[in-house]
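In the working numbering, the protein residues as written are 51 to 230.
Structure follows, in structure tokens:
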């Protein structure tokens, strides 16, 4: 068999650079208290420093976290997402930070994780705001058009919204104090 072929099927060159073992984490679930240290390490590894992990610790200390979701794989967590309670409007949440372990990046796990959270927001009737790459978050179910009339202390060009209905809400966003 020639290199780049498996069982008579040509393997695309970009697939040759990745391990052939399928590594698919389980479903998104609420983080357990015993996973705090793992989440901290994951955030530091994914972001290349301590800033995002420190942000999450501040959010926890301020009791501003509505939930911490993780993507488990075998005996570790490989994905993390924080859902923070917005100070205004009441009942809205902010999705930040989001992290995927470096050795799991590039396989669509982040897109799948964020997509599940956008779908959860739609089904549960909660507005979920995210600040980030518009192209990525649109693919996950967020809308920059629905966020067009939101007023925020961050660049409007990177603000997206997921949640119930199709309305374009006019609101002023006030993030948790931990965001600075």
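Note that beta-carbon positions come from the ideal geometry of N, C-alpha and C, so glycine has one too.
- Item | Continuous beta strand (DSSP E) stretch holding residue 126: start and end | For the purposes of this step, residue 126 is taken as residue 76 along the chain shown, with counting starting at 1. Taken as a continuous stretch (DSSP letters only), the beta strand (DSSP E) holding residue 126 covers 126-135.
- List the endpoints of the continuous beta strand (DSSP E) containing residue 149. As a first step, residue 149 must be located in the chain shown, where it is residue number 99. That run of the beta strand (DSSP E) goes 143-150.
- Item | According to DSSP, residues forming a beta bridge with residue 123 | Reading the chain shown from its first residue, position 73 is the one you call residue 123. Its beta-bridge partners are 126.
- Query: When the Cα of residue 206 is compared with those of 197, 213, 212, which residue comes out closest?
  - Reply: The count along the chain shown starts at 1 and reaches residue 206 at position 156. Closest by alpha carbon: 197.
- Task: Determine the closest residue to residue 116 out of 125, 145, 100, with distance taken between C-alpha atoms.
- Result: On the chain shown, residue 116 is found 66 positions in, with the first residue counted as 1. Here the closest residue by C-alpha is 145.
- Message: Suppose only complete runs of 3+ residues qualify. What are the beta strand (DSSP E) ranges in the segment 154-225, listed by chain order?
- Response: 178-181, 209-212
- Query: From residue 165 to residue 113, what does the alpha carbon distance come to, in whole angstroms?
  - Reply: The count along the chain shown starts at 1 and reaches residue 165 at position 115. The count along the chain shown starts at 1 and reaches residue 113 at position 63. The straight-line gap from Cα to Cα measures roughly 25 Å.
- Less than 8 Å separating the beta-carbons of residue 178 and residue 129? On the chain shown, position 128 is the one that residue 178 refers to. On the chain shown, position 79 is the one that residue 129 refers to. No, the pair does not count as a contact, with Cβ atoms beyond the cut-off.
- Could you spell out the range, first to last residue, of the alpha helix (DSSP H) harbouring residue 113? Stepping through the chain shown from its first residue, residue 113 is reached at position 63. Neither: residue 113 is in no alpha helix (DSSP H) and is coded neither H nor E.
- Message: Can you tell me whether residue 124 is buried or exposed? The criterion is at least 16 other CB atoms within 10 Å of its CB, across all chains shown.
- Response: On the chain shown, residue 124 is found 74 positions in, with the first residue counted as 1. Residue 124 is exposed by the Cβ-count criterion.
- May I ask you to report which of helix, strand or coil DSSP gives residue 82? If you number the chain shown from 1, residue 82 lands on position 32. Of the three classes helix, strand and coil, the one that applies to residue 82 here is coil, per DSSP.
- Determine, using beta-carbon pairs with one atom in the segment 182-198 and one in the segment 151-165, whether at least three such pairs fall under 8 Å. Yes, the segment 182-198 touches the segment 151-165.
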